[in-house]
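S.K.: Please see the structure below; I have some questions.
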Amino acid sequence: MPNIILLGPPGAGKGTQAKRLEDDRGMVQLSTGDMLRAAKTSGTEMGRLVANVMDRGQLVTDEIVIGLIEERLTAGDGRGFIFDGFPRTLAQADALARLMDRTGQTLDAVIEMRVDDEVLVARITGRYTCGNCGAVYHDTTKPTAKAGVCDVCGSTDLRRRGDDTEDALKTRLMEYYKKTSPLIGYYYAKGQLTSVDGLAEMDAVSSAIAKVLDRG
Ligand code: AP5
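In structure tokens form, the structure reads like this:
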């Protein structure tokens, strides 16, 4: 399986599609957002450091997130990594290239999920996730079949994120345009970028991503 990056603003659908790729193809999701949220609740020094930054919608330092990826990025067993929410700055992209090189792996595709800002408020403020298995839901577009119970694992621990507010979203979008969107040009210039329509239905987005993965 290829190693890929899912690139796009908050609410573009990166986590949703990464989970589908894990289920459908056995790929491995590496979400720096999930890693940082786990650190936040762990009571560690790093958790305290990142909590306020994340809740305000700002980016955590490159040093911290590169360290997290470095810990997880083993030599790979052919299942293929999905980088979800990483890299988010040019420094992180350069660090990823070095780490892949060092572990003898290649980055095979960067998939940009294109969406309009207008849909993001509704997507973000309606989102909830399962605290047990990480399944992603939405109040209107993807509610659980039974209210309050995760479809996948049956847990009743359904949560909303502290940074899923309209105010924090404004900061998150600004961070995206200032620091992350330059990666679109960076990967385009390297010949690795493919863009898909992130506004399409979830299944159509999955099909578009599958085409990129299957083109070899
Ligand atoms: P992170 O957790 O990475 O959040 P994000 O990038 O803001 O992305 P989201 O998780 O909000 O959205 P998504 O694209 O995954 O959308 P989803 O599939 O859930 O980062 C959080 C914070 O951590 C950052 O702000 C920063 O502080 C820190 N951080 C993380 N990585 C970092 C890094 N590398 N460097 C520095 N700091 C870092 O979908 C959203 C909703 O829409 C869901 O409800 C879903 O059901 C719905 N939906 C999805 N697809 C569709 C569709 N096609 N049609 C209709 N609805 C859809």
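Here this note's numbering is used: the first residue of the sequence shown is 2, the next is one more, and so on.
Glycine residues also receive a C-beta, built at the ideal position from the N, C-alpha and C atoms.
1. Which same chain residues end up closer than 6 Å to M28 when comparing Cβ atoms and leaving out the 5 residues on each side of it in sequence?
2. Classify C131: buried if its beta carbon has 16 or more other beta carbons within 10 angstroms, exposed otherwise.
3. Starting from E119, follow the beta strand (DSSP E) in both directions and report where the run begins and ends.
4. Below 7 Å, is the gap between the Cβ of E23 and the nearest heavy atom of the ligand AP5?
5. Ends of the alpha helix (DSSP H) at R99?
6. Is the beta carbon of V54 within less than 7 Å of some heavy atom of the ligand AP5?
7. Which of the three DSSP states, helix, strand or coil, is assigned to V29?
8. Where does the unbroken beta strand (DSSP E) through A290 begin, and where does it stop?
9. Less than 7 Å between the CB of K143 and some heavy atom of the ligand ADP, yes or no?
10. Which residues bound the alpha helix (DSSP H) around Y187?
11. Going straight from the alpha carbon of D118 to that of T45, what length do you get?
12. Hey, could you find the ends of the alpha helix (DSSP H) E113 is sitting in?
M.R.: The relevant details are as follows:
1. Looking up residue 28 in the sequence shown gives position 27. So the list reads M2, L22, R80, G81, I83, once near-sequence residues are dropped.
2. As a position in the sequence shown, residue 131 is number 130, starting the count at 1. Buried, because 16 or more other Cβ atoms sit within 10 Å of the Cβ of C131.
3. Here residue 119 corresponds to residue number 118 of the sequence shown, with the count starting at 1. Unbroken run through E119 is the alpha helix (DSSP H), 118–126; no beta strand (DSSP E).
4. Translated into positions along the sequence shown, residue 23 becomes position 22. Closer than 7 Å to some heavy atom of the ligand AP5: that does not describe the Cβ of E23.
5. For the purposes of this step, residue 99 is taken as the residue at position 98 of the sequence shown. R99 -> alpha helix (DSSP H) spans 91–103.
6. Start at 1 with the first residue of the sequence shown, and residue 54 comes out as number 53. Yes, the Cβ of V54 comes within 7 Å of a heavy atom of the ligand AP5.
7. The sequence position of residue 29 within the sequence shown is 28, counting from 1. Note: V29 maps to strand in three-state DSSP.
8. Here the chain comprises residues numbered 2 to 217, so residue 290 is not present and cannot be evaluated.
9. Within the structure as shown, the ligand ADP is missing, the only ligands being the ligand AP5.
10. Translated into the one-based positions of the sequence shown, residue 187 becomes position 186. Here the alpha helix (DSSP H) through Y187 covers 183–190.
11. Here the question's residue 118 lines up with position 117 in the sequence shown. Here the question's residue 45 lines up with position 44 in the sequence shown. Rounded to whole angstroms, D118 to T45 spans 35 Å at the Cα level.
12. Residue numbering aside, residue 113 sits at position 112 when the sequence shown is read from its first letter. It is not in any alpha helix (DSSP H) - E113 instead sits in the beta strand (DSSP E) that spans 110–115.
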